[in-house]
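Numbering (this note's numbering), first residue to last: 233 to 485.
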């Protein structure tokens with residue numbers, strides 16, 4: 233087997249293994265797909281009328297709910313990675329001469345595909361609630377690119393957090409900031425309507441430019457500044473996550 237096909241075959245096997253674990257854990261599926269939909273229904277029907285955003289709240293909230301769909305699925309990935317490390321499964325793979333990159337890539341790809349399911353569910357429910365974005369086909373391609381970059385970056389960072397955690401429980405707690413940050417951003421209400429201190433934090437934290445870039449594409453008015461900032465944050469997260477996870481893997485495995 234060639235040096236290129238071997239890691240690819242190993243990655244496919246790891247991906248299949250991770251999907252089997254996800255299918256056996258209903259809580260993971262709930263967090264990844266159903267929970268963001270529930271949050272959307274709550275914000276649109278319970279809190280939506282309280283926010284003056286100058287238009288239909290569903291149009292404003294959908295980009296934020298898409299980011300929530302990405303962040304809510306991260307806990308299961310961190311716990312899964314940490315469990316593999318704690319149970320010694322990684323060392324078994326090492327003895328079996330499984331590509332090290334395949335072990336990490338399998339978790340990342342599984343998370344991205346799970347996020348894709350969750351994002352599809354959120355967008356589907358948004359359309360059912362009246363979401364009608366004026367985005368063109370090119371705008372949708374840009375929005376999909378932002379979603380993919382965010383999911384890729386968050387997946388690598390989550391794998392790194394799971395690798396570094398001492399126990400699966402601490403791994404689950406380690407990704408809580410990634411889950412909570414969207415709530416202190418422009419996801420559900422404009423940052424300029426927040427109180428002093430919180431407003432500045434929301435404006436300069438990484439998830440706000442990602443949400444605003446996505447919102448711009450879906451509204452048909454993409455922002456070059458927000459898009460550049462979003463891609464820069466995603467690239468930074470992905471690089472840090474990749475290097476951190478590889479370093480931890482080599483140290484602990």
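Where a beta carbon is used, it is the ideal one built from N, C-alpha and C, also for glycine. As the structure is a computational prediction, the values presented were derived from the model and not from experiment.
Using a 10 Å radius around the Cβ and a threshold of 16 neighbouring Cβ atoms, would you call residue 452 buried or exposed?
Residue environment for residue 452: exposed (fewer than 16 other C-beta atoms within 10 angstroms of its C-beta).
For residue 470 versus residue 389, is the C-beta distance shorter than 9 Å?
Contact flag set, yes.
So the alpha helix (DSSP H) residue 393 belongs to, where does it begin and stop?
Per DSSP, residue 393 belongs to the alpha helix (DSSP H) from 369-396.
Give the DSSP-derived three-state secondary structure of residue 347 in the structure shown.
Judged by DSSP in its simplified three-state form, residue 347 adopts helix.
Kindly list the residues whose CB is nearer than 6 Å to the CB of residue 234, restricted to its own chain and excluding five residues on each side of it in sequence; keep chain order.
Bear in mind that a pLDDT of 44 at residue 234, under 50, signals an unreliable position, so the model cannot answer this.
Tell me where the alpha helix (DSSP H) around residue 266 begins and ends.
Here residue 266 belongs to no alpha helix (DSSP H), and DSSP marks it neither H nor E.
Is residue 404 near residue 307, with beta carbons less than 9 Å apart?
In this structure, residue 404 places its C-beta atom within 9 Å of the C-beta atom of residue 307.
Using the Cβ count rule (16 or more neighbours within 10 Å means buried), how would you classify residue 364?
With fewer than 16 other Cβ atoms within 10 Å, it is exposed.
Where residue 316 falls, given that 16 or more other Cβ within 10 Å makes a residue buried
Buried is the label assigned to residue 316, since at least 16 other Cβ atoms lie within 10 Å of its Cβ.
Going straight from the alpha carbon of residue 418 to that of residue 462, what length do you get?
So the two alpha carbons sit approximately 14 Å from each other.
Taking contact to mean at least 3 C-beta pairs separated by less than 8 Å, is the region 344-352 in contact with the region 435-453?
Three or more beta-carbon pairs separated by less than 8 Å are not found between the region 344-352 and the region 435-453, which leaves the two stretches without contact.
One question on the structure: do residue 472 and residue 394 come within less than 9 Å of each other, judged by their Cβ atoms?
Contact annotation: residue 472 and residue 394 have beta-carbon atoms that are not nearer than 9 Å.
Between which two residues does the alpha helix (DSSP H) carrying residue 291 extend?
Looking at the DSSP string, the run of the alpha helix (DSSP H) that includes residue 291 is 289-304.
Please confirm whether residue 175 and residue 283 have their CB atoms less than 9 Å apart.
Because the chain in this structure spans residues 233 to 485, residue 175 falls outside the shown range and cannot be described.
When the Cα atoms are used, what is the spatial distance from residue 268 to residue 402?
C-alpha separation (whole angstroms): 23 Å.
Euclidean distance between Cα positions of residue 236 and residue 310:
Note on residue 236: pLDDT 46, under 50, position unreliable in the model; the coordinate value appears next. Approximately 28 Å, taken between the alpha carbons.
In angstroms with no decimal places, state the Cα-to-Cα distance between residue 413 and residue 407.
If I take the Cα positions, the gap works out to 10 Å.
N- and C-terminal bounds of the alpha helix (DSSP H) containing residue 285
For residue 285, there is no enclosing alpha helix (DSSP H), as DSSP marks it with neither H nor E.
Count the other C-beta atoms from every protein chain shown that fall within 10 angstroms of the C-beta of residue 378, then say buried if there are 16 or more, exposed otherwise.
Answer is buried; the Cβ neighbour count reaches 16.
Between which two residues does the alpha helix (DSSP H) holding residue 402 run?
Taken as a continuous stretch (DSSP letters only), the alpha helix (DSSP H) holding residue 402 covers 400-406.
Could you tell me the alpha carbon to alpha carbon distance between residue 385 and residue 399, rounded to whole angstroms?
If I take the Cα positions, the gap works out to 23 Å.
By a C-beta neighbour count over all protein chains shown, 10 Å radius and 16 as the cutoff for buried, is residue 479 buried or exposed?
Answer is exposed; the Cβ neighbour count stays below 16.
When the Cα atoms are used, what is the spatial distance from residue 467 to residue 457?
Roughly 15 Å between the two C-alpha positions.
For residue 442 and residue 465, I'd like the C-alpha separation in whole angstroms.
Spanning the two alpha carbons is a distance of roughly 8 Å.
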